[in-house]
């Protein structure tokens, strides 16, 4: 079997195993870890697309996530929409906002994009907290209703923890598949070219702005939709959905996994989603630890685990082989 | 509306604007010289305020001594920060510097939360409730002190940048790094000093504002957000531009905040930042970033 085929089989087996977990154990704690992994893998995957592949450091992911959450929650509770259309609307709104931010700041430089994306995320938090007539302020919108999906001949009421586990896992699989298809296609190669050497990419007829905007829009869409699902899992949305904690966690996932490494980031999302509960620290100490890891990684290990594996692979590949007689 | 009220708002605005300026100028100086965005900048403001609280409330140090100690400590911290961390990643790319300082900010902020909790603390001195009254104007003495400190720091920074050799070297590096290297300026010494001054200004701002507002470990985060907007509006790396915008922002915030909910002001700051990037990417006062 080819290596690609082997990897595909392993991925299929892994996904099947994840879907089988609720049948083996009804342990809510395990399911909660699974939901956290699914959610963060989508957020980190989107960030990897923007930062790891296209080279744009973005702090806006958490803003898209929260915009999706608030949009879905408001449309469902106040306009009577279903979760599905609400989450889709959240994703679309996040995409639109992402395009506006990206278009306005990228004309200047990658630097200003990073700064503007950070300010955007902070502004989202302020609006959610202080624009009380729209977002109901610091109390948020509690008691989100149990959503259900009704297709002809089939009704699914998402009342149990395992239902949200299935929903978020299914969406994560879809999102990861989409990201994988993109990063292994011509689009992904163009994005990587822009990251490595933008003038050179431009001289080959690649329009950097279009690819950058594509990456931002896609990550915003995925983050917005997953935000919509996630708040219904929590049954509440409040300004803490914009907390910098989410940004820091997904950044750490991408940095440790290796920016631009699909499997590396997926793996580190799984490890770091489970880790908080292995390291039974308070959140503050955990963030101190994450910060220290970030500093250490930047000083000695800028490519992350993915980068290290890649370097090792290249070294082995380049190693002179003994001539065969 | 009475003119007295407006004047009062204006005065408050100038005070807060001058403090914004201290933080933003430091950020801009570091960016100009090192081409590095310091995400931990707000945390040094927070540390300055926390240290000021500790010195006045625990050690019963007088206010002038407190400000002096905090500023010296912040400058020293800047030296250490540069030599221990920043010097290793210089030239290693913009993103790397952001992520490194972001990690630093996470360590400092969450470490402070862990050690001191998020409970706001007040500095209470005999001066805390004293006011200077002129007509129907009432200004808290602590605010006047903050204003005075800010103006003093402005003057000191101006003298360093425009009247000393090392200041000229600093401006030289900020204007054209390669040319500065060619005429024999040591980039390491200049960068070190820029970081020390920048962090020192931030710590000083913290000490100056500590008696005016409550002190808590999360105060740096929201503050640095404004400082970023300020340096974009003023032109990245343009120190005078940052100072002007900062004072203007303080005034607008205070005056508008007297009539409108504060969320409008924050939204206004952000939208004007986006509009500025669309219309005049080099900022109001020129210099801007090029990759």
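Chains as they are written, first to last, in our numbering: chain W, 1 to 325; chain B, 1001 to 1291.
Ideal placement from N, C-alpha and C gives every residue a C-beta, glycine not left out.
Because the structure is a prediction, the values reported are computed rather than measured.
Inset, instruction - List the whole-angstrom C-beta distance separating residue 1198 of chain B from residue 1042 of chain B, where the pair is believed to meet the contact cut-off of C-beta under 8 Å. - result: Taking 8 Å as the upper bound for CB-CB distance, residue 1198 of chain B and residue 1042 of chain B are not in contact here, some 12 Å apart.
Legend entry - Three-state class that DSSP yields for residue 313 of chain W in the structure shown: In the three-state scheme derived from DSSP, where H, G and I count as helix and E and B as strand, residue 313 of chain W is classed as helix.
Legend entry - Where the alpha helix (DSSP H) containing residue 1096 of chain B begins and where it ends: In this chain, the alpha helix (DSSP H) harbouring residue 1096 of chain B covers 1094 to 1116.
Legend entry - Per-residue DSSP class, three states only, for residue 1211 of chain B: Correct three-state label for residue 1211 of chain B: coil.
Inset, instruction - Please go through the same chain and pick out, in chain order, the residues whose beta-carbon is closer than 6 Å to the beta-carbon of residue 1016 of chain B, but skip the five residues on each side of it. - result: These residues qualify, in order along the chain: 1250.
Legend entry - Top-ranked residue by Cα proximity to residue 126 of chain W, from W/241, W/223, W/235 and W/322: Selected option, being the one with the closest Cα: W/241.
Legend entry - Interface flag, residue 130 of chain W vs chain B, CB-CB below 9 Å: It does; some Cβ of chain B falls within 9 Å.
Legend entry - Bridge-paired residues (DSSP) for residue 1036 of chain B: Paired residues: none, contrary to the question.
Inset, instruction - Determine which residues of the region 225 to 249 of chain W have a Cβ less than 8 Å from any Cβ of chain B, and write them out in chain order. - result: Shown in chain order are the members of the region 225 to 249 of chain W whose Cβ falls below 8 Å from a Cβ of chain B: 244 and 248.
Legend entry - Rounded separation between residue 48 of chain W and residue 1096 of chain B - CA only: The straight-line gap from Cα to Cα measures roughly 15 Å.
Inset, instruction - Determine the chain W residues that contact residue 1089 of chain B at a beta-carbon separation under 8 Å, and present them in chain order. - result: Within 8 Å of the CB of residue 1089 of chain B, the CB atoms of chain W belong to 298 and 299, in sequence order along the chain.
Inset, instruction - Taking the CB atoms as reference points, tell me whether residue 1236 of chain B and residue 104 of chain W lie closer together than 9 Å. - result: Taking a C-beta distance under 9 Å as the contact criterion, residue 1236 of chain B and residue 104 of chain W do not qualify as a contact pair.
Legend entry - Contact with chain W by residue 1005 of chain B, beta-carbon distance below 9 Å: Taking Cβ atoms only, chain W never reaches closer than 9 Å to residue 1005 of chain B, which makes this a no.
Legend entry - Inter-stretch contact at 8 Å, needing at least 3 Cβ pairs: the region 124 to 138 of chain W / the region 246 to 263 of chain W: As far as the Cβ criterion goes, the region 124 to 138 of chain W does not touch the region 246 to 263 of chain W, which means the pair count is below three.
Inset, instruction - Tell me residue 1131 of chain B's beta-bridge partners as DSSP assigns them. - result: Answer by DSSP bridge pairing, in chain order: B/1140.
Inset, instruction - Would you please verify whether the beta carbon of residue 211 of chain W is less than 9 Å from any beta carbon of chain B? - result: So no, residue 211 of chain W is outside the interface.
Inset, instruction - Give a yes or no on whether the C-beta atoms belonging to residue 1224 of chain B and residue 1034 of chain B are separated by under 9 Å. - result: Not a contact, by the Cβ cut-off of 9 Å.
Legend entry - Straight-line gap, residue 1018 of chain B to residue 1150 of chain B (C-alpha atoms, nearest Å): The straight-line gap from Cα to Cα measures roughly 6 Å.
Legend entry - Nearest-angstrom Cα separation, counted from residue 1264 of chain B out to residue 1003 of chain B: Taking the CA atoms as reference points, residue 1003 of chain B sits about 23 Å from residue 1264 of chain B.
Legend entry - Element boundaries [beta strand (DSSP E), containing residue 150 of chain W]: Secondary structure note for residue 150 of chain W: its beta strand (DSSP E) is the uninterrupted segment 148 to 151.
Legend entry - Assigned secondary structure, residue 1185 of chain B (DSSP; H/G/I helix, E/B strand, else coil): In this structure, residue 1185 of chain B counts as coil in the three-state DSSP scheme.
Legend entry - Terminal residues of the alpha helix (DSSP H) in which residue 61 of chain W lies: Unbroken alpha helix (DSSP H) run through residue 61 of chain W: 61 to 79.
Legend entry - Cutoff 6 Å; reference residue 161 of chain W; Cβ partners in own chain excluding five residues on either side: For residue 161 of chain W, where only same-chain residues beyond five positions count, the Cβ hits under 6 Å are 28 and 31.
Inset, instruction - Would you kindly work out how many angstroms separate the C-alpha atoms of residue 1180 of chain B and residue 1172 of chain B, rounded to a whole number? - result: Cα to Cα, residue 1180 of chain B sits roughly 6 Å from residue 1172 of chain B.
Inset, instruction - Indicate whether at least one CB of chain B lies closer than 9 Å to the CB of residue 320 of chain W. - result: For residue 320 of chain W, the answer is no, since every Cβ of chain B falls outside 9 Å of its Cβ.
Inset, instruction - Closer than 6 Å by C-beta to residue 1032 of chain B: which residues in its own chain qualify, once you throw out the five before and the five after it? Chain order, please. - result: Closer than 6 Å at the Cβ level, and outside the excluded window around residue 1032 of chain B, lie 1174 and 1237.
Legend entry - Sequence-distant residues of its chain with Cβ nearer than 8 Å to residue 1055 of chain B (five each side left out): These residues qualify, in order along the chain: 1061, 1065, 1066, 1069 and 1070.
Inset, instruction - Would you mind sorting residue 320 of chain W into buried or exposed? The rule is 16 or more other CB atoms within 10 Å of its CB. - result: Its Cβ having fewer than 16 others within 10 Å, residue 320 of chain W is exposed.
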